[in-house]
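For the sequence shown, the numbering used here gives the first residue as 28, with consecutive numbering after it. As structure tokens, the structure follows; a few thoughts come after it.
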Amino acid sequence: MPGRAVPAWIAPTWRRYRRAWLRVDVLAGLAAGTVVVPQAMAYATIAGLPVQVGLYTCMVPMVVYALLGGGRAVSVSTTSTIAVLVAATLAGLPAAERGDADALLGAAFTLTFLAGLCLVAMRLLRLSALVECISPATLTGIRIGVGLTVAASQLPNLLGVPADPDAGGFFEKTADALGRVPDADGTTVAVSVGAVVLLLVLRRVVPQVPGPLVVVAGGIALVALTDVEERGLALVDHVPTGLPSLSVPVAGDVLDLLPGALAVAFMAFLETVLVARTNRRRDEPPIDSEQELVATGLAALAGGLTQTLPPAGGFSQSAVNLRSGARTQVAQLVTATLAVLVALVLAPLLDELPRAVLAAMVLVAILGLLRPSELRLYAQVDRAELWVALVVAGLGLTGGMLLGVAVGVALTLVLVVRAVNQPRVQPAAPSRDGVLRLRLLGGVYTGNATATHDEVLRLVAACATAPREVRLDAEAVSRVTVPFLDLLRSLTDELGDVRLGLERVPEDLVLVLRRTDWWRAHESDLLVPDGTSR
């Protein structure tokens, strides 16, 4: 009896797998692991969580995405944007005011689970197209806000000074850190500068060498072989050996966490889809955004149960995958296996890791988020988009990134609504022989019906000689709507002695129109002879 076919949405990148691909996938997964594992641990510190939480994010969520995701080279762990949103969400909880570290850990895992629920709900409601309306300018503003906020948060670790727990936002954190410069620890500053310089040189001169792995190994060796710890170099907290245990979402925090979970879900989906589409080869199938919602959502649900940060596709580790020639998501399974080995075997070594090294990794990683060229392009092309980027960045720096994301989404939707409400008609040809020919540019619906109606009347009034007939070219109209019928009715009434005619109407639209009593009564007057298109 033949077996049942595996659903197409399971392991889409594994279809027609070739044995010859295994070697390159294994090598790509190992290469990506040398970047993503230390980077994820560093991002955990941005969220104010232990480094092992970042390490755990490279395990189960990676495997889930590998089984469901459609991006061949996408490497999913966590990102600086997600880490900042997690930090902002946790900072508003009562547990943060009490300094209850255990409660904050539980809230972080609940946040990851809630983000997964939001992503799955977005898939069930088919909201991927709406989310993808978020403009590039909004994302630019978010990246600027995240980049500068992260940089400010890492200054105390780079200087070896304590951070003011009450300092909130970019400006307060920066002012607090700069005020403590006279108290900076010389050993810590030297290690920070050395790590930053080494990362930048490796990235520029030998990009194939995994800089994060080199500085992590170098930092651990420095602590093991010298007395820098006695000189004031701070190390990360103890990293337990072993795999994460199951975590249960905390129901009491749900309402406080929900706004943050929505923001995290938006950004996790957008980042993952953007990475997947950027890295797609031309001979590969298009990325299915609905599939990515499922993959990212289930990865987050699994992460919420296994003590992780919310997962999302990251550009840097995915770029390593792509550069190494990864053919399928088998590469990410290799990366997840490497993370498991680190947790089981190398965790004791991580106790010797300087905080300054992690801060240097974060600082170098977020430099890629700051792209002045994007602002320059918006200034040259679309000032409205420039203002969106600046407003989102400004709000993120002053009021927090949750506010920045929320306002950015709202501004984008306002711009989208404004764009779709524009008139959907334009002159098709100069008016002659008393006939004004106009072309409908697309469907007519509630949002643009009034604007289209008013534009038709304006074009008629603008004619030097009053036309005897107005003809609407309806070839671009894909479906009949009630606002479309209302438009025809109102124009017929208001044009008076000027005849309204339709030409090049798709046959399937005529069939639908004939179901209405009004069209049947007026078809002979409205439809120009031979005015249907096939």
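Glycine is no exception: its CB is placed at the ideal position from the N, C-alpha and C atoms.
Find out if the Cβ-Cβ distance for the pair residue i, residue j is shorter than 9 angstroms.
i: L146; j: L131; result: no
i: I111; j: V173; result: In the sequence under discussion, the amino acid at residue 111 is Val, which differs from the Ile named in the question. Result yes, Cβ atoms of V111 and V173 sit closer than 9 angstroms.
i: P357; j: V53; result: Strictly speaking, residue 357 in this sequence is Val, with Pro absent from that position. It is a contact, given that the beta carbons lie within the stated cut-off.
i: A465; j: V504; result: Checking the displayed sequence, the identity of residue 465 turns out to be Leu instead of Ala. Not closer than 9 angstroms, so no.
i: P337; j: L429; result: no
i: A339; j: I109; result: yes
i: H480; j: L529; result: no
i: G426; j: G133; result: no
i: L320; j: I161; result: no
i: Q359; j: V555; result: no
i: Q181; j: A420; result: no
i: L95; j: P39; result: yes
i: T72; j: R382; result: yes
Have a look at the options and flag the residue whose alpha-carbon is nearest the alpha-carbon of residue i.
i: L390; options: A179, L152 and P163; result: A179
i: A363; options: T84, V250 and Y44; result: T84
i: A292; options: T106, P237 and P239; result: T106
i: A501; options: G469, R495 and A489; result: G469
i: L499; options: L553, S400 and R46; result: L553
i: A456; options: L467, Q181, D210 and S505; result: L467
i: R398; options: T253, R258, L417 and L154; result: L417
i: A211; options: M89, A190, R99 and V113; result: A190
i: D283; options: A122, L301 and G96; result: A122
i: D203; options: G221, S219 and N184; result: N184
i: A248; options: D127, T61, T40 and V384; result: V384
i: L518; options: T508, V497 and R506; result: V497
i: V243; options: G352, T61 and R309; result: T61
i: P533; options: R506, D524 and R542; result: R506
i: G98; options: L252, L349 and V228; result: L349
When DSSP builds the beta bridges, which residues end up paired with residue i?
i: V462; result: R459 and E496
i: G340; result: V103
i: L262; result: P381
i: L54; result: Answer is none; L54 lacks a bridge partner.
i: L554; result: L529
Consult DSSP for residue i and reduce its assignment to one of helix, strand or coil.
i: G423; result: helix
i: R541; result: coil
i: R526; result: strand
i: G246; result: helix
i: L177; result: Before going on, a small fix: residue 177 reads as Val here, not Leu. Looking at V177 - three-state DSSP - the assignment turns out to be helix.
i: P381; result: strand
i: Q318; result: helix
i: R31; result: Unreliable placement is indicated for R31, whose pLDDT of 47 sits below 50; the coordinate value is still reported in the next sentence. DSSP places R31 in coil when its eight states are reduced to three.
i: V452; result: strand
i: L185; result: helix
i: P276; result: coil
i: R547; result: helix
i: P5; result: Only positions 28 to 561 of the chain appear in this structure, which leaves residue 5 out of reach.
i: V80; result: helix
i: L270; result: coil
i: L467; result: strand
i: W41; result: helix
i: G352; result: coil
i: T479; result: helix
i: I161; result: coil
**Q.** the region 459 to 471 in contact with the region 436 to 444 per 3-pair CB rule at 8 angstroms
**A.** no
Q. Does the region 160 to 180 come close enough to the region 403 to 418 to have 3 or more Cβ pairs within less than 8 angstroms?
A. yes
Q) Should the region 133 to 151 be called in touch with the region 321 to 329, which here means at least 3 C-beta pairs below 8 angstroms? A) yes
(Q) So, does the region 309 to 324 touch the region 68 to 86, judging by three or more C-beta pairs under 8 angstroms? (A) no
Q. Would you call the region 204 to 218 and the region 248 to 263 in contact, with 3 or more CB pairs under 8 angstroms?
A. yes
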